[in-house]
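Start counting the sequence shown at 435; every next residue gets the next number (my numbering).
The beta carbon of each residue, even a glycine, is placed where N, CA and C say it ideally should be.
Fair warning: this is a prediction, and the values are worked out from it, not measured in the lab.
This report concerns only the one structure given below.
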Amino acid sequence: MENKVIPYGKQNITEEDIKVVIETLTSDFLTQGPKILEFEQKFAEYIGCKYAVAVANGTAALHLCALALDVKEGDKVITTPITFAASANCVRYCGGEVVFSDIDPETYLLDIEKVRGLLAASPRGTYKGIIPVDFAGRAIDLEAFRKLADEYDLWLIEDACHAPGGTFKDSKGVDQNCGNGNFADLAIFSFHPVKHIASGEGGMITTNDPDLYSKLMQLRTHGITKDDGQYINSASFAAGTESNKYPNWYMEMQLLGYNYRLTDFQAALGISQLKRAGEGLLKRKEIARKYESAFADKQFVKGQSGVIRGHAYHLYIIEVEDRLGLYNYLRENQIFAQIHYIPCHLMPYYRQFGWKEGDFPNAENYYKHCISLPMYPTLTDGEQEHVIKLINDYYK
Ligand SMILES: *Cc1c(COP(=O)(O)O)cnc(C)c1O
């Protein structure tokens, strides 16, 4: 075992996964075939939302959400600095302005009280939306964010990349699935190999809003529609002669869209992986429980993800003293722990807008101590025990 590399996250491809991909490759469709719709429907069912739109990756999903919600030059949008940069970048793709706001040091999630403070301190209409992130797989309380957003007429995009299968308890005691569309206008997921469900590259947008759904479907394919109920040009123009019927070839580009389609064979892989999502989630929770009890009484651990109801455990994070030393020690022993994340506002790209050290003490302090331990369904008991032992040894 000593020589085997243990990463922080890893995909699991089974014989069944390989079989369905090969079957799809030899079918009549490589892109936008029947597997896309099947994946969308099954994913929507898993998440408990009305509509799902499969796209090329999670970043494309975020970009399309920002376009569908009409983010424009100068629009201010609030998000957390402790996330993957894509959560913020989608605002910039549309010329909007990213306004970061600090995290809660206990949950590592965007602190709603800080956001409330920001909103209250500016004239109404200053901000357009909020992008909360279910960071590490911990579901953020979207009911509370919806209430706040409604007070200020804001939209919500939930970045649920870390949390398919995650839930939070609402004020009536009902479990609400991440991405179910009951509170956020739109939610997004990624099928990058380190995430719960892998399709190579891939992403999904979920919503309960039929208008946003049809706009997203159009934006995913160049802004083109083939629905004659939606056509703007006349049937006579379309036919090239006097006519009240649109010819079969006709289609219209009505919006400036992109090619953000997923392929049919990626969708087939996604469907196959989705079948094991529930099982994978249970395994992640079991791994979390083991870490939690291993480190519960350890003085060198200053904080940890712990065992939290509804947590989807994309990541298991502990906060430690001498994080650099531990990280290097684990690497020397072939354990590739990772740091999530370098605060977004301190990336050189975002520093140019004036963000600087000291802006977000909770996020910055978290960054100094955090480390994500190996967490994926195929991590064996023996491997996890080996990781725990090395960490204990390091601090002896
Ligand atoms: C992975 C991830 C994304 C981007 O997804 P890609 O499929 O890699 O483009 C966005 N936000 C978060 C929080 C992520 O973890």
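| query | result |
| --- | --- |
| Whether PHE602 touches ALA573 by CB criterion (8 Å) | yes |
| Span of the alpha helix (DSSP H), counted from its first residue to its last, around ASP451 | 449-459 |
| Distance between beta carbons of THR641 and TYR847, contact taken as under 8 Å | Because the chain in this structure spans residues 435 to 830, residue 847 falls outside the shown range and cannot be described. |
| GLU592 CB to nearest heavy atom of ligand 1 below 7 Å | no |
| Delimiting residues of the alpha helix (DSSP H) encompassing VAL821 | 815-828 |
| Run of the alpha helix (DSSP H) containing SER648, from where it starts to where it stops | 644-654 |
| Expected contact under 8 Å - CB spacing of GLU899 and ASP509 to nearest Å | Nothing about residue 899 can be read from this structure; the chain reaches only from 435 to 830. |
| Beta-carbon proximity of ALA771 to ILE537, cut-off 8 Å | no |
| Cα-Cα separation between GLU676 and HIS630, rounded to whole angstroms | 54 Å |
| Per-residue burial, GLU592 [other beta carbons within 10 Å of its own, 16 or more giving buried] | buried |
| Secondary structure of PRO441, DSSP reduced to three states | strand |
| Contained alpha helix (DSSP H) runs [length at least 4] in the stretch 609-633, N- to C-terminal order | none |
| ASN767 beta carbon near ligand 1 (any heavy atom closer than 7 Å) | no |
| C-alpha gap between LYS548 and LYS717, whole angstroms | 34 Å |
| As assigned by DSSP and simplified to three states, the class of GLN786 | coil |
| CYS804: first and last residue of the uninterrupted beta strand (DSSP E) it sits in | 804-807 |
| Helix, strand or coil at ASP693 [DSSP, three-state] | Correcting the residue identity first, residue 693 is Asn in this sequence and not Asp. Looking at ASN693 - three-state DSSP - the assignment turns out to be strand. |
| beta-carbon VAL525 near ligand 1 non-hydrogen atom, thresh 7 Å | no |
| Nearest to TYR442 (by Cα), restricted to the options HIS803, ILE516, ALA502, ALA570 | ALA570 |
| Through-space distance from GLU791 to ILE516, alpha-carbon basis | 14 Å |
| Selected residue, minimal CA-CA separation from ILE512, among THR697, CYS524, SER521, PHE534 | PHE534 |
| Start-to-end residues for the alpha helix (DSSP H) that takes in ASP545 | Looking at the DSSP string, ASP545 is not in any alpha helix (DSSP H), and its letter there is neither H nor E. |
| Cα-Cα separation, ILE776 to ILE805 | 11 Å |
| Run of the beta strand (DSSP E) containing THR513, from where it starts to where it stops | 510-513 |
| Endpoints, the beta strand (DSSP E) within which ASP698 is located | Counting along the chain, ASP698 falls outside any beta strand (DSSP E), though it belongs to the alpha helix (DSSP H) covering 698-708. |
| Residues that GLY637 bridges to, as DSSP identifies them | VAL489, SER624 |
| CB of ALA490 within 8 Å of CB of TYR694, strictly | yes |
| Coarse secondary structure for LEU590, derived from DSSP in three states | strand |
| Reduced DSSP secondary structure (H/G/I, E/B, other) of ILE564 | strand |
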